[in-house]
Every structure is written in structure tokens, then in C-alpha cells.
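Data block below; observations after.
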């Protein structure tokens, strides 16, 4: 039983280590500030490449909530939150759901 718990713990830690590498969690600010250029993505292609590096998930679109907190001529700030399941395999109702909340700042590139 202990071996199974260790394997599960290592699996979950390794799965979420990918998320932690790009996290902007204020509790870990001193860590990510040193690598700021590596965790801030500019332009559509950089954003897509960064998203493709994350583990495969199945997001439950009907749980999404988008909260727009600021819109100006130059910026838009919004948060997206909802639930997802890990992996691509077919999922059932008894699978563990995970919550996410991501904040975005979008800067106007110019005339559109």
C-alpha cells in the first residue's frame, strides 16, 4: 500500500511540475522573477507553443466562467476558471475533477 501511495505522489508531483514551471504564484515570486522572460509569452505563436507544453487535459467547457476585470484602449484583463480532468482517455462521472483559475493581461498590439 505504501509503495502505491509513493508512486501516486510522484506521479501527481511530476504532472504538476510542468504547471509550476510557468506559474506566477505570488508565494513563489522570488523563483519566477529570475526567469521572467521565460514565463511571459508575447504573441499568438509564443502563447500556443507554451500551451502545447502543458499536460493533456479535458476541460469541461460548461463549467467555464470568464470574468473581465478591466478594459481600456490598451489593455484587457480577464480571468478564466472552471474544472478539468487529466488525460485524454474517456472519462466517467466518478473521475476526479480539478479546478483551475488563470488570469490574463492582453495588450493591444496597435490597430488590431
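Residue numbers (the UniProt record's numbering): 1 to 112.
We put the beta carbon where it would ideally sit given N, CA and C, even for glycine.
In this text, all values refer to a predicted model and were calculated from it rather than measured experimentally.
With a 10 Å radius around its C-beta and 16 neighbouring C-beta atoms as the bar for buried, classify residue 112 as buried or exposed.
As a first step, residue 112 is located in the chain shown; it is residue number 112 there, counting from the start. Because the pLDDT of residue 112 is 47, which lies under 50, any placement of that residue in the model is unreliable, and the question is left without a value.
In whole angstroms, what is the alpha-carbon distance linking residue 170 and residue 42?
No answer is possible for residue 170: it lies beyond the span of the chain, which begins at 1 and ends at 112.
Which residues in the same chain as residue 106 place their Cβ atom closer than 6 Å to its Cβ, once the five residues preceding and following it in sequence are excluded?
Working through the chain shown from its first residue, we reach residue 106 at position 106. Closer than 6 Å at Cβ, skipping near neighbours: 76.
Relative to the alpha-carbon of residue 60, which residue among 102, 109, 78, 97 has its alpha-carbon at the smallest distance?
Position 60 of the chain shown, counted from the start, is the residue given in the question as residue 60. It is 97 whose Cα lies nearest to the Cα of residue 60.
Using beta-carbon positions only, say whether residue 108 and residue 62 come within less than 9 Å of one another.
Taking the chain shown and counting its residues from 1, the one referred to as residue 108 is at position 108. Taking the chain shown and counting its residues from 1, the one referred to as residue 62 is at position 62. It is not a contact, given that the beta carbons lie outside the stated cut-off.
Helix, strand or coil, according to DSSP, for residue 112 in the structure here?
Here residue 112 is taken as the residue at index 112 of the chain shown, counted from 1. Bear in mind that a pLDDT of 47 at residue 112, under 50, signals an unreliable position, so the number given afterwards is only what the model happens to contain. Of the three classes helix, strand and coil, the one that applies to residue 112 here is coil, per DSSP.
In three-state terms, what does DSSP make of residue 81?
Your numbering for residue 81 matches position 81 in the chain shown. In this structure, residue 81 counts as strand in the three-state DSSP scheme.
Which of the three DSSP states is assigned to residue 47 in this structure?
By one-based count along the chain shown, residue 47 stands at place 47. If DSSP states are grouped into helix, strand and coil, residue 47 belongs with the helices.
Name, in chain order, the residues that DSSP records as bridge partners for residue 73.
Within the chain shown, residue 73 is the residue found at index 73, counting from 1. None, per the DSSP bridge assignment.
Local conformation of residue 34 per DSSP, three classes:
Translated into the one-based positions of the chain shown, residue 34 becomes position 34. The answer is coil: DSSP assigns residue 34 none of H, G, I, E or B.
Host beta strand (DSSP E) of residue 56 (start-end):
Counting from one through the chain shown, the residue named residue 56 turns up at place 56. No beta strand (DSSP E) holds residue 56; DSSP gives it neither H nor E.
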